[in-house]
Every structure is written in C-alpha cells, then in structure tokens.
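Taking full-length UniProt numbering, I'd label the letters of the sequence shown as residues 1 to 299. Beta carbons are placed, not taken as given, at the ideal position from N, Cα and C, and that holds for glycine. Bear in mind that the values here come from a model prediction, so they are computed numbers and not experimental data. See structure below.
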Amino acid sequence: MTATTLVEVSPRDGLQNEQTLLSVDEKVELIARSVAAGVRRIEAVSFVNPARVPQMAGAEEVMAQVPRSADVSYIGLVLNRRGLERALTAGVDEVNAVVVATDEFSTRNQGCTVAEGISAWMDIAAEARAAGVRTTVTIAASFGCPFSGEVDPAWVIELAARVADAGPDEIALADTIGVGVPAQVRTLAAGLTRVAPDVPQRWHFHNTRNTGYANALTALDTGAHALDASIGGFGGCPFAPAATGNIASEDLIYALNRSGVSTGVTLGTLADAAAWLGARLDKDVPALLGRAGNFPPDA
C-alpha cells in the first residue's frame with residue numbers, strides 16, 4: 001500500500017474567502033475536529049493583515065488554543081518577515097511562504113512583484129531555519145493567472161529552481177484558480193523533479209472546473225509527498241475573481257482509500273466535520289461524500 005500526507009487547509013484557505021467570520025473558538029474546534037479525524041498536518045492560521053483578510057484575524061489566539069500533540073504539525077502561512085515573526089512567536093511548527101508566478105497577481109495578492117516575493121521568501125527561509133522551523137514555499141498561480149492568463153510551465157520551473165536555492169523542506173505548486181489539468185501536473189512534476197530532485201513535492205488544487213481530483217491523483221502518481229485539501233470543499237482566494245473551493249478532504253480521502261493509498265484519516269469523522277462547518281457558515285457543503293455517503297456503506 002502506498003501512502004501520502006493530507007494537509008488540511010480548511011482553517012486557512014477554507015475560510016479566507018467566506019463572508020461569515022468564525023470566532024476563535026469555532027476555528028479551534030474546526031482544527032480539533034481535523035485532529036480527531038487523524039489529520040496530522042494542518043494549515044491552521046495565516047499571519048496576514050486582518051484589515052485585508054478579516055477571516056484570518058485572531059491567529060495568535062487560535063494557536064494558543066489548538067490541541068497540541070507530538071505527532072501533529074501546525075502550519076502558519078506567512079508573506080513577509082513581519083508575518084514570520086508573528087508565526088514564530090505564536091509557536092507554529094511549520095511556515096508556508098508564497099511566491100506568486102505573475103507580477104499582476106502577486107501585486108494584488110501580496111503587494112509586491114515576483115522578484116520581491118522571491119526576496120521575501122529568501123529572508124523567511126533563512127530566519128525560519130535559524131529558529132528550527134520547517135519551511136514550505138508555495139508557487140501560487142502555477143497553472144494559470146486570473147489576470148495574465150496562461151502561465152508558461154518553463155517559467156514555473158525556473159521559479160522553483162530559484163526558490164529551491166533557499167533550501168525549503170518542501171515545494172508546493174498551487175492551482176490557485178482551478179484551471180489545471182492532469183497533463184500540466186505531469187509536466188510540472190517532471191520539471192520540479194529535475195530542478196529540485198531532493199525536495200518533497202506538495203500540491204494544492206482547487207476544483208473550479210471539476211479537474212481538481214484528477215489532478216490530485218495524477219500528482220500522487222508522479223510521487224507527491226503531500227496533497228492539500230479542505231474539509232467540505234470550502235475555500236477560495238479573495239484576490240482571485242471567480243476562484244472557488246479547494247478539493248474536499250473527504251472526497252479526496254474516499255478516492256485514496258478506494259485506491260489503496262494510506263492517509264491515516266478517518267473518513268466518517270471528516271465528513272461529520274464538514275457538516276459542522278457548513279452549519280457554521282450557513283452554506284451547503286460543496287463536497288459530495290456527505291450527500292452520497294461512503295461505499296460500501298459500512299466501510
């Protein structure tokens with residue numbers, strides 16, 4: 001049996017585009033439900049300006065209350081040195097920095113050019129390493145940009161080579177707006193392996209055009225170390241027009257379970273968490289497993 005790691009991103013990416021703001025206690029409960037389901041890597045918070053992304057307010061308070069365990073790793077998203085300082089003070093286990101593949105999206109999302117984003121990542125990587133904190137660098141809009149259109153895979157791989165110089169523990173490629181297809185995954189995976197052969201690969205897919213699960217399974221076939229997903233399929237980017245939810249954790253786990261891939265995650269507990277989150281957001285749950293149920297029903 002093969003294995004992969006689920007990175008649960010609902011507390012961060014799943015909430016950042018929602019109109020309903022969850023309280024700190026509700027965010028902590030979402031995280032606790034993920035842990036109870038067996039998830040062991042959780043992108044729990046984002047250390048960004050709450051004036052720009054109010055859904056991410058209270059990051060320090062959330063980190064002060066999350067259930068701690070030696071085998072659970074909490075990730076904080078950071079965009080600059082100030083965010084990193086907050087993350088380190090709050091006690092995250094890992095940081096995830098973001099470099100965007102196009103200048104226009106980078107400027108709107110992070111207030112900087114691609115080159116400036118790379119420079120910020122280099123500083124983050126050095127300081128995090130000195131603090132003994134693991135690092136991921138995510139290349140956002142790796143499959144396409146909502147403003148500039150197509151993104152050349154060769155450019156994404158060049159970016160990967162540049163960010164790899166800082167020695168990340170993991171490189172993630174993100175289909176931020178859900179335009180990717182499996183052929184692109186294979187091309188990018190091969191290029192990433194070529195320029196950073198020793199760096200584990202993590203993948204982040206949105207299901208905007210219903211290709212997210214095919215992309216995730218393709219990434220797994222190419223050797224993905226970790227796959228991002230969000231409980232219930234909630235998510236989106238406030239700076240990317242028409243971006244919709246992430247692939248749903250429970251739908252992904254169903255596909256992985258039926259494919260003989262071990263994740264250590266309990267499907268029923270995850271589906272219950274999705275129903276709980278949908279009720280808190282007062283929205284229908286995008287994921288399909290909660291509607292159709294597991295198969296076989298008693299599995």
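- The shortest C-alpha to C-alpha distance from Glu-8 to any of Gln-16, Asp-272, Ser-34 is the one to Ser-34.
- With respect to Phe-205, Ala-190 sits apart: the two C-beta atoms are not nearer than 7 Å.
- One thing to note: Thr-263 has its Cβ no nearer than 7 Å to the Cβ of Thr-208.
- The Cβ neighbour count for Pro-146, taken over all protein chains shown within 10 Å, is at least 16; the residue is labelled buried.
- For Thr-5, the enclosing beta strand (DSSP E) covers residues 5-8.
- Linking Ala-166 to Ala-224 through their CA atoms gives a straight-line distance of about 21 Å.
- Annotation note: the stretch 47-114 contains the following uninterrupted beta strand (DSSP E) runs of length 3 or greater, listed N- to C-terminal: 73-78, 94-100.
- Contact between the stretch 99-107 and the stretch 64-71 is absent: fewer than 3 CB-CB pairs across the two stretches fall below 8 Å.
- DSSP, read as helix, strand or coil, puts Arg-12 in coil.
- Within the same chain, Ala-125, Thr-135, Thr-136, Val-137, Val-199 come within 7 Å of Pro-168 by CB-CB distance, once the 5 residues on both sides are set aside.
- No residue range can be given for Asp-152, since it is assigned to no alpha helix (DSSP H) and is classified by DSSP as neither H nor E.
- Check the Cα spacing between Ala-161 and each of Ala-140, Thr-176, Ala-174, Arg-194: the tightest is with Arg-194.
- Contact fails between the stretch 50-64 and the stretch 94-104, because fewer than three Cβ pairs, one in each stretch, are under 8 Å apart.
- In this structure, Glu-18 is the residue among Tyr-213, Glu-18, Glu-29 with its C-alpha nearest to the C-alpha of Phe-234.
- In this structure, Asn-210 and Gly-14 do not form a Cβ contact; the two beta carbons are roughly 18 Å apart against a cut-off of 8 Å.
- In this structure, Asn-257 is the residue among Leu-22, Ala-275, Asn-257 with its C-alpha nearest to the C-alpha of Thr-2.
- By the 16-neighbour rule on beta-carbons within 10 angstroms, Gly-232 is buried.
- About 17 Å separates the CB atoms of Leu-173 and Ser-148; that is not less than 8 Å, and the two are not in contact.
- Within the stretch 158-193, the complete beta strand (DSSP E) segments at least 3 residues long are 170-175, listed from N- to C-terminus.
- CA-CA distance, Gly-111 to Ala-120, rounds to 12 Å.
- Inter-residue distance for Val-24 and Gly-144 is about 34 Å (C-alpha atoms, whole angstroms).
- With respect to the 7 Å criterion, Tyr-74 and Val-92 are classified as neighbours on the basis of their beta carbons.
- Closest by C-alpha distance to Glu-26, out of Pro-297, Leu-277, Tyr-254, is Leu-277.
- Closest in alpha carbon position to Val-53, among Val-39, Val-78, Gly-38, is Val-78.
- Annotation: the continuous alpha helix (DSSP H) that includes Thr-218 extends over 212-221.
- Note: Phe-205 is bridge-paired with Asp-175 in the DSSP secondary-structure output.
- Secondary structure of Asp-298 (DSSP, three-state): coil.
- If you draw a straight line from the Cα of Ala-32 to the Cα of Pro-238, it is about 25 Å long.
- Looking from the CA of Pro-11, the closest CA among Ala-279, Ala-183, Glu-43, Arg-86 belongs to Glu-43.
- Note on geometry: alpha-carbon atoms of Ala-275 and Ala-36 lie some 15 Å from one another.
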